[in-house]
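Those protein sequence lines, which keep their order, are chains A, B and C. Numbering of the first sequence is given in the UniProt record's numbering, commencing with residue 1 and proceeding in unit increments. Numbering of the second sequence is given in the UniProt record's numbering, commencing with residue 1 and proceeding in unit increments. Numbering of the third sequence is given in the UniProt record's numbering, commencing with residue 1 and proceeding in unit increments.
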Amino acid sequence: MPTVYVTAPPDAAADLARALVEERLAACVNRVPCQSVYRWDGDVHDDEEVILLAKTTDERYDDLVSRVVELHPYDVPCIERFDESHVLDAYTSWVEDEVR
Amino acid sequence: MPTVYVTAPPDAAADLARALVEERLAACVNRVPCQSVYRWDGDVHDDEEVILLAKTTDERYDDLVSRVVELHPYDVPCIERFDESHVLDAYTSWVEDEVR
Amino acid sequence: MPTVYVTAPPDAAADLARALVEERLAACVNRVPCQSVYRWDGDVHDDEEVILLAKTTDERYDDLVSRVVELHPYDVPCIERFDESHVLDAYTSWVEDEVR
């Protein structure tokens, strides 16, 4: 079962997370405020961002990625998939019921 | 070596994390405040939660999961295992010393 | 592509993150404030820390670890590697351009 790690600017993060749940691409999205330091166009920046951790299914992973790319304000968003090696059965069932 | 990802309500998170360390089921638990958007009973909710990231061993992973299920206020808690592909040797040794 | 999970004390986290980006060992580092409960010398402690999530390449992973060990104020820092099972192509390209 994939957890998808996405970073977004603070003013876009809540809407993006909500859209994924409302459109049944994710069962749950945890939003974690962070500070991000990165290099862009040769300069080092330090900005507020939000990490989204979206719980989805194998079947809908590609659709979730396409939708994030569509909704995301960045040209090159961080979208990464991490696979659990075990998940509590009851939680897996819940995710599979909520994501369609 | 597993990292276990658990979400908990804010008023239960500190006690849950502490219990895992006191009972030597985890060497360390990082608690990260977050906002969670999820669908429950047909409605989309947006609540404060805390992500717990518990550092444990292969040997005690099942016991840690059972204890979280026992202590957790939710019927269907998010409990997920992620396996590192490498860990600093000294840190692995420390986790293996603290978890019994 | 590895994401490296490091915990650091709040007064060292920003400098450590910035050094990794300035030295091109990471393309981006997300800094997430947390509370950490852990056992040390027989007592259970509960301290503020910061989780660093550094985006780097296979090629530079070992150098990043060595540099974190060098700069880190702890004797036994938490340094863990998690590998994505998929990353958006454009993001991978960006990381590979920024890390050298």
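The beta carbon of each residue, even a glycine, is placed where N, CA and C say it ideally should be.
Option nearest residue i by Cα separation, candidates the options
i, options, result
"GLU96 (chain A)", "A:ALA27, A:VAL21, A:ASP11, A:GLU23", "A:ALA27"
"THR56 (chain A)", "A:ASP43, A:GLU84, A:ASP11", "A:GLU84"
"ILE51 (chain B)", "B:ASP43, B:ALA8, B:ARG39", "B:ALA8"
"ALA90 (chain B)", "C:ASP89, C:ILE79, C:ARG100", "C:ILE79"
"TRP94 (chain A)", "B:ASP75, B:VAL29, B:HIS45, B:VAL6", "B:ASP75"
"residue 115 (chain A)", "A:ARG39, A:ALA54, A:VAL37", "Only positions 1 to 100 of chain A appear in the structure, and residue 115 (chain A) is not among them; the question remains open."
"SER36 (chain C)", "B:VAL32, B:ASP43, B:GLU98, B:TYR38", "B:VAL32"
"ASP47 (chain C)", "B:GLU59, B:VAL6, B:VAL29", "B:VAL29"
"GLU98 (chain A)", "A:VAL65, A:VAL69, A:GLU23", "A:GLU23"
"THR92 (chain C)", "C:VAL65, C:ASP11, C:LEU64, C:ASP58", "C:ASP58"
"PRO10 (chain A)", "A:HIS72, A:VAL87, A:VAL44", "A:HIS72"
"VAL44 (chain A)", "C:PRO77, C:MET1, C:VAL87, C:ASP15", "C:ASP15"
"ARG39 (chain A)", "C:TRP40, C:GLY42, C:ARG18", "C:ARG18"
"residue 103 (chain A)", "A:ASP41, A:GLY42, A:ARG81", "Outside the shown range of chain A, which is 1 to 100, sits residue 103 (chain A), and nothing can be said about it."
"VAL4 (chain B)", "B:ARG100, B:HIS86, B:GLU70, B:VAL65", "B:VAL65"
"LEU25 (chain A)", "A:ARG60, A:LEU88, A:CYS34", "A:ARG60"
"GLU70 (chain B)", "B:PRO2, B:MET1, B:ALA12", "B:ALA12"
"VAL87 (chain A)", "B:LEU88, B:PRO77, B:VAL87, B:HIS86", "B:PRO77"
"VAL68 (chain A)", "A:VAL6, A:GLU49, A:ASP41", "A:VAL6"
Opening and closing residue of the alpha helix (DSSP H) in which residue i lies
i, result
"TYR91 (chain A)", "89 to 98"
Collapsed DSSP secondary structure at residue i in the structure displayed
i, result
"ALA27 (chain C)", "coil"
"GLU22 (chain A)", "helix"
"ARG81 (chain A)", "strand"
"ARG67 (chain C)", "helix"
Within chain C, partners of residue i - CB distance below 8 Å
i, result
"SER36 (chain A)", "CYS28, VAL29, ASN30, ARG31"
"TYR91 (chain B)", "VAL76, PRO77, CYS78, ILE79, GLU80"
"LEU71 (chain B)", "None at all; the shortest Cβ gap to chain C is about 14 Å."
"ASP83 (chain A)", "SER85"
"LEU25 (chain B)", "By Cβ distance, chain C contributes nothing, its closest Cβ being about 11 Å from LEU25 (chain B), past 8 Å."
The ligand HEM heavy atom lying under 7 Å from the CB of residue i
i, result
"LEU88 (chain C)", "Among the ligands in the structure shown, none appear at all, so the ligand HEM cannot be discussed."
Boundaries of the beta strand (DSSP E) in which residue i is found, first to last residue
i, result
"residue 117 (chain C)", "Because chain C in this structure spans residues 1 to 100, residue 117 (chain C) falls outside the shown range and cannot be described."
"GLU48 (chain C)", "43 to 55"
"PRO2 (chain A)", "2 to 8"
Interface partners of residue i on chain B, CB under 9 Å
i, result
"VAL44 (chain C)", "ARG18, VAL21, GLU22"
"GLU98 (chain A)", "TYR38, ARG39, TRP40"
Listed by chain order, chain A residues near residue i by CB distance under 9 Å
i, result
"THR7 (chain B)", "CYS28, ASN30"
Checklist entry - Name the residues in the region 49 to 70 of chain A whose C-beta lies less than 9 Å from a C-beta of chain C; which are they? => result GLU49, ILE51, TYR61, VAL65, VAL68, VAL69
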